[in-house]
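Enquirer: Pasting a structure here, questions to come.
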Amino acid sequence: MSLRLGDIAPDFTAETTQGTINFHEWLGNSWGLLFSHPADFTPVCTTELGKTALLKGDFEKRNVKVIAVSVDDLDSHNKWVPDIQEVNNVVVNFPIIADQSRNVATLYDMIHPNASEKATVRSVFVIGPDKKIKLTLTYPASTGRNFQEILRVIDSLQLTANYQVATPADWKDGDDTIVVPAVSTEDAIAKFPKGVNVVKPYLRYTPQPNK
Ligand code: BEZ
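Just so you know, my numbering puts 182 at position 149 of the sequence shown, and the rest follows in order with no gaps.
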């Protein structure tokens with residue numbers, strides 16, 4: 034069965050390019066980004082893993098641990114990593130799971146047989162410190178992911194976990210936010226001292242509360 038938002042991210046133990054990892058233990062109190070790529074030594078994946086490595090500081094700043102997975106074995110991963118590093122001029126600084134048994138791919142429903150019998154699709158799972166799934170995305174093999182969008186969603190998830198706000202279309206860190214419907218306008222005015230702009234009774238903007 035496919036995983037849904039709010040489900041506990043399935044735990045597993047797996048061999049990775051950084052040794053054996055127990056997923057939940059490895060996550061600790063951090064947020065997590067688990068993402069799959071269809072196969073080693075493929076062009077789009079080479080750019081994606083390089084981009085992820087280049088964004089190390091952006092993930093660290095948000096307390097997000099990153100881990101990649103494909104159904105290739107450890108020997109293949111270890112032979113491919115130097116190519117990723119050379120092409121993107123970066124050190125690959127996160128673990129890549131060797132999932133030749135398809136254990137992780139099956140747990141996270143990353144193989145979509147009508148797309149490919151063998152390879153994983155490009156799945157993205159963002160996991161909160163409570164180990165619950167906060168975001169899922171699924172891209173086809175032919176489309177590389179937008180990692181700025183992944184960072185943007187993480188910003189929204191982390192903000193809305195702590196304040197009674199939601200984020201509007203195309204929101205990015207620093208933009209105005211929306212007061213959630215559960216908060217009355219009267220309460221919102223008290224709760225958000227930077228101000229509340231009432232556009233409709235149900236659409237109330239307030240400056241980002243943690244800025
Ligand atoms: C790639 O990563 O470049 C790729 C993988 C599978 C199909 C198409 C592209």
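We put the CB at the ideal spot given by N, CA and C, even for glycine.
(1) Which residues in the same chain as Asp209 place their Cβ atom closer than 8 Å to its Cβ, once the five residues preceding and following it in sequence are excluded?
(2) In chain order, what residues of the same chain have a beta carbon less than 8 Å from the beta carbon of Asn126, not counting five sequence neighbours either side?
(3) Would you say the beta carbon of Pro201 is closer than 7 Å to some non-hydrogen atom of ligand 1?
(4) Measure the Cβ-Cβ separation of Val97 and Leu67 and say whether it is below 8 Å.
(5) Let me make sure I understand the geometry here. Which of Lys151, Pro234, Thr79, Pro162 has the alpha-carbon closest to that of Thr218?
(6) Ligand 1 heavy atoms versus the CB of Ala86: any closer than 7 Å?
(7) Name the one or two DSSP bridge partners that Phe54 has.
(8) What are the boundary residues of the beta strand (DSSP E) that includes Arg155?
(9) Grab the span of the beta strand (DSSP E) containing Phe68 for me, first residue to last.
(10) Quick check on this structure: which residue in Trp113, Ala42, Ile211 has the alpha carbon closest to the alpha carbon of Ser189?
(11) Between the Cα of Thr79 and the Cα atoms of Lys205, Arg178, Phe45, which residue gives the shortest distance?
(12) Nearest to Lys151 by CA position, among Ser69, Leu184, Gly83, is which residue?
Expert: With the structure as the only source:
(1) Pro201, Asn230, Tyr238, Thr239, Pro240, Gln241
(2) Ala86, Lys89
(3) no
(4) no
(5) Pro234
(6) no
(7) The sequence shown places Ile at residue 54, not Phe. In the DSSP output, where bridge partners are listed per residue, Ile54 has Ala47.
(8) 155–160
(9) 64–69
(10) Ile211
(11) Arg178
(12) Ser69
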